[in-house]
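As structure tokens, the structure follows; a few thoughts come after it.
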Amino acid sequence: MNNSNKKRLQNQTAIVTGAESGIGKAIAIELAAEGANVVVNYIADADEAQKVADAAKSAGGKAIKFKADVSKEDQVKEMFSKTIETFGRLDILVNNAGIQKDAAIDEMTLDEWQKVIDVNLTGYFLCSREAIKKFKKQEPDENISVAAGKIICISSVHERIPWKGRANYAASKGGIMLLMKSIAVEVAEHKIRVNSIGPGAIKTPINKESWDELKQSIPYGRVGNPEDIAGAAVWLASDESDYVTGTTLFVDGGMTLYPYLAAGN
Ligand code: BGC
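Numbering (the numbering used here) for the sequence shown: 584 to 848.
So, in structure tokens, the structure goes:
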């Protein structure tokens, strides 16, 4: 949180996908601490999602949890309708829900390929499309935000760095990069900003097997914490970044400075 009395996201509403754990959880709580109402989207664990919603409320915002598979069009539409019904508006979408199913390319099943693309890429398309519809419909209110809406895509250093055994995941993240930029250029005239964050190795359930090993590929010498990403997300959602659109902010302790070391090549 910043030092001034006005919270940076007061009266704004945010949807955070995949918010029951890891990076999504930290972002949901931090957005709430800055005054936002938060929809905690989840897919598997209702109890964890409720805990995140409770933590968001204690942090200062209002919050609900909502179960939806972001790769399913009807469920995504329901989530956006519920958000408007509950909070009356939408200002921020954080596309965060993502999965990883590593396999050597000649052993990767079509299912492992397709599921990763469906959640990581199609999910971002479906949620972004609904968010843009809502942003365009609502009256801009500069007392709430200078922008008519903000989308933040949680991408990865792997939108830039290839990685053995991760062709499906890297393809999804590379796809997110140009999805984000394409949407950004298309909606800029409506005062809608679209950006990505490219996390490096962050301590979350997705990579808990390899935290020690990962440290060696990070110039800054530590694996990141979800809160490192949450701070960047708040900034990209706030008017402090009003002139920033169509870009990826890498939050990676310098991992992208050493792509070949990071890729284990
Ligand atoms: C992956 C993690 C990995 C990190 C750095 C992330 O996008 O989900 O599993 O540790 O990139 O390679």
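Note that the Cβ used here is the ideal one computed from N, Cα and C, for glycine as well. Quick caveat: nothing in here was measured; it's all calculated off a predicted structure.
Worksheet item: When burial is assigned at 16 or more other CB atoms within 10 Å of the CB, is G605 buried or exposed?
Response: buried
Fill in: Distance cut-off 6 angstroms: Q595 Cβ against heavy atoms of the ligand BGC
no
Item to complete: Identify every run of the alpha helix (DSSP H) within the stretch 640-713, keeping only runs that are complete inside it and at least 4 residues long; order them along the chain.
Response: 656-670, 693-700
Worksheet item: Secondary structure at N585, three-state DSSP: helix, strand or coil?
Response: The predicted model places N585 with a pLDDT of 47, which falls under 50 and marks its position as unreliable, so this point remains unresolved.
Item to complete: Can you grab the Cα-Cα spacing for the pair Y841 / Q721, in whole Å?
Response: 44 angstroms
Worksheet item: Rounded to whole angstroms, how far is the Cβ of N537 from the Cβ of A680, which I believe are closer than 8 angstroms?
Response: Not covered by the structure: residue 537. The range shown for the chain is 584 to 848.
Worksheet item: What three-state label does DSSP hand T839 in the structure shown?
Response: helix
Discussion item. In the DSSP assignment, the alpha helix (DSSP H) including S765 goes from what residue to what residue?
Written reply: 750-770
Item to complete: Could you name each continuous beta strand (DSSP E) segment of 3 residues or more that falls completely within the stretch 610-640, going from the start of the chain to the end?
Response: 620-625
Worksheet item: What span of residues does the alpha helix (DSSP H) with G781 cover, start to end?
Response: Taken as a continuous stretch (DSSP letters only), G781 belongs to no alpha helix (DSSP H), being part of the beta strand (DSSP E) at 775-782.
Discussion item. Counting C-beta neighbours from all protein chains within 10 Å, is the total for A597 16 or more, i.e. buried, or is it exposed?
Written reply: buried
Worksheet item: Comparing alpha-carbon positions, which option in A602, K589, A638 lies nearest T787?
Response: A602
Fill in: N- and C-terminal bounds of the beta strand (DSSP E) containing A597
596-599
Discussion item. Measuring CB atoms only, is the stretch 766-776 touching the stretch 788-799, in the sense that at least three cross pairs come out at less than 8 angstroms?
Written reply: no
Practice prompt. Taking only heavy atoms of the ligand BGC into account, decide whether any of them is closer than 6 angstroms to the Cβ of I789.
Written response: yes
Worksheet item: Comparing the CB of S755 with every heavy atom of the ligand BGC, is any distance shorter than 6 angstroms?
Response: no
Discussion item. So, for L563: in the same chain, excluding its five sequence neighbours on each side, which residues have a beta-carbon less than 8 angstroms away from its beta-carbon?
Written reply: The structure shown does not extend to residue 563, since the chain is modelled only from 584 to 848, so the question has no answer here.
Worksheet item: By how many angstroms is the C-alpha of N678 removed from the C-alpha of E695?
Response: 21 angstroms
Item to complete: State yes or no: is the C-beta of V834 within less than 7 angstroms of the C-beta of D811?
Response: yes
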